[in-house]
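First comes the structure, then the notes that go with it.
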């Protein structure tokens, strides 16, 4: 059994990442295919199955080598059926992903939300370091979240647990969010949100800043300018850290995690972001909760999804 | 086995509630004894054991009739050992409650935090109605919380999960809280906090109010005055509902519960409190989370603790 491989699949809006992974969580091989959005994503299960078959051929193996297939998919997932309620970027609606993939490959398939499998990946082989109580926040174009309690992902009653990006961080006069409400953490801590905050500050203040000459403002540039001492950029970083530290503290008061892992493109700012976030976290968390938690940057980057998806197979197939 | 009883014990600062309960969750007998704070609460396990023995005698039974003893105790609990880290009102510090009670009674003992067992009680026989994902908020002198996910209580890494009362609700210029930080939900939604808000408003505004003549202001009186149309009292109720709805929404974004149960003395205000809280909740929760959750008032009142403590015995003894 342990000599078998686990297949991990991470479905994104533009590419699908795939990997064969050992029961110890080591990557044997990894590759990517483009996300085929024809017919509202209807061809995706076939594409994944064909790609796995081809790669098995290259390794002179058959599907017998695989213990099963784990999948991270965008959108809330029906935990009982492994179907995707809504996958906005792909066009899925109540899409029977698990069933379709099982039919194609004749292997057990386990599906969870992409932010959740990334959290499981970090728990298993990354910054979570095996912690059974953990919170993951992914700061990318949006803000995603995955909450692990007692060693497993929280799903909630309709697959929407861990929606940390949509915690109300700005209580008064918050910016509108894609989700329909306003002031969500996503509006101030995603790459897009950080750029929005900077543009707002450039317009409403007279603070001199190197950012005033920039035509293509990015969150990366804002952090770089802050590191060089630019006052306006430093103000923005402090603002982001305030909202992020406050929101993470309020999440931690609910689940009392051992590890809080910050990932995604924005987290590449490293300590420049993490240190002020830690300070705000300690200020806003219940003292006992603050004592118990370690804040850290994610380790696995793009591999978190496929590794977490493989974890699903390893841990759910016995249930 | 099913003809046996479960013993439920709920240890409070002034009284200890006890009950014999069937495996269906029905109360056979319930009674109370005073909380004995001599020697920093050291005599409490003996008091509980003696009281259970006496009551068994009255029923012409021995400890053989009991499947075990469940206990709700104040303060964070070490989940592995059933010891109480700190029980401030009683004087306990790292008190081996489970071990001491087991020695006294020669029965299996299961200990959890009092707010957590109250939540389990509501889940089993009260307003939770068997929901596997649930949030309980208890609005009393303080604000307590219990969070149930996948049918069991969240404890977190050091027993501090579910500390909903210490979520930061007032981000700027919040009042100091007993926990050491400021702006906690407890400072604006506990009975004490509501009275504080009213006093503040009486001092800083000129709004005419029947409360201006009251020497002994209580949260009950504030709700009664609001029901009669008093503008200042109505403003206070709206303020409480705003902070409570916002905080509950942020908790729900983490765990996506099916039921949110509001209990404690302040919850006796009923719809006068619940309706504006629901409105604020819907405004601040992620739409899918708002759809999935039903807000309701707790049903079991003072019995929630002993019933939830009995649930511990029923569900943990097989593990």
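Residue numbers (the numbering used here), protein chains in the order written: chain S, 20 to 338; chain B, 20 to 338. Beta carbons are placed, not taken as given, at the ideal position from N, Cα and C, and that holds for glycine.
Amino acids of chain S, ordered along the chain, whose beta-carbon sits closer than 7 Å to that of residue i
i                    : result
residue 9 of chain B : Residue 9 of chain B lies beyond the range of chain B shown here (20 to 338); nothing can be said about it.
Interface partners of residue i on chain B, CB under 7 Å
i                      : result
residue 34 of chain S  : In chain order: nothing, as chain B lies at least about 26 Å away.
residue 319 of chain S : Here the premise fails: no neighbours, minimum Cβ distance about 22 Å.
residue 326 of chain S : Within chain B, no residue comes near residue 326 of chain S; the closest Cβ sits about 23 Å away, beyond 7 Å.
residue 182 of chain S : 272, 305 and 308
residue 176 of chain S : 152, 275, 276, 277 and 311
residue 269 of chain S : 186, 187 and 269
Local conformation of residue i per DSSP, three classes
i                      : result
residue 152 of chain S : coil
residue 122 of chain S : helix
residue 109 of chain S : coil
residue 230 of chain S : helix
residue 25 of chain B  : strand
residue 300 of chain S : helix
residue 49 of chain B  : strand
residue 37 of chain B  : strand
residue 322 of chain S : helix
residue 254 of chain B : helix
residue 57 of chain S  : helix
residue 236 of chain S : coil
residue 278 of chain B : strand
residue 128 of chain S : strand
residue 263 of chain B : helix
residue 30 of chain B  : strand
residue 97 of chain S  : strand
residue 242 of chain S : helix
Candidates the options, of which the one nearest residue i by Cα
i                      : options                       : result
residue 286 of chain S : S:75, S:85 and S:155          : S:155
residue 101 of chain S : S:178, S:84 and S:107         : S:178
residue 82 of chain B  : B:95, B:107, B:116 and B:120  : B:120
residue 185 of chain B : B:170, B:202 and B:130        : B:202
residue 294 of chain S : S:146, S:256 and S:273        : S:256
residue 279 of chain B : B:288, B:332 and B:300        : B:300
residue 55 of chain S  : S:262, S:79, S:64 and S:275   : S:64
residue 332 of chain B : B:44, B:32, B:33 and B:231    : B:44
residue 223 of chain B : B:273, B:251, B:113 and B:84  : B:251
residue 232 of chain B : B:221, B:238, B:242 and B:210 : B:221
residue 273 of chain S : S:103, S:183, S:253 and S:288 : S:183
residue 32 of chain S  : S:49, S:46 and S:53           : S:53
residue 277 of chain S : S:187, S:147 and S:131        : S:147
residue 284 of chain S : S:138, S:244, S:158 and S:98  : S:158
residue 58 of chain S  : S:114, S:197 and S:85         : S:114
residue 35 of chain B  : B:62, B:47, B:191 and B:23    : B:62
Chain-ordered chain S contacts of residue i [CB-CB under 8 Å]
i                      : result
residue 205 of chain B : Neighbours of residue 205 of chain B on chain S: none; closest Cβ ~10 Å, over 8 Å.
Cβ pair residue i, residue j closer than 9 Å
i                      : j                      : result
residue 90 of chain S  : residue 29 of chain S  : yes
residue 317 of chain B : residue 282 of chain B : yes
residue 268 of chain B : residue 304 of chain B : yes
residue 166 of chain S : residue 270 of chain S : yes
residue 219 of chain B : residue 161 of chain B : no
residue 37 of chain B  : residue 71 of chain B  : yes
residue 67 of chain B  : residue 93 of chain B  : no
residue 40 of chain S  : residue 27 of chain S  : yes
residue 330 of chain B : residue 143 of chain B : yes
residue 327 of chain B : residue 140 of chain B : yes
residue 152 of chain S : residue 176 of chain B : yes
residue 214 of chain B : residue 237 of chain B : yes
residue 133 of chain B : residue 163 of chain B : yes
residue 323 of chain S : residue 291 of chain S : no
residue 85 of chain S  : residue 126 of chain S : yes
residue 392 of chain B : residue 306 of chain S : The structure shown does not extend to residue 392 of chain B, since chain B is modelled only from 20 through 338, so no value can be given for it.
residue 254 of chain B : residue 226 of chain B : yes
Where residue i meets chain S, residues with beta-carbon distance less than 9 Å
i                      : result
residue 265 of chain B : 187 and 190
Between the segment 145-173 of chain S and chain B, which residues of the former have CB atoms less than 7 Å from a CB of the latter, in chain order?
Within the segment 145-173 of chain S, 152, 166, 168 and 173 place their CB atoms closer than 7 Å to a CB of chain B, listed in sequence order.
What are the residues in the segment 195-222 of chain S lying within 9 Å of chain B by C-beta distance?
198, 199, 200, 202 and 203
Looking at chain B, which residues of the segment 74-107 of chain S have a Cβ within less than 8 Å of any of its Cβ atoms?
95
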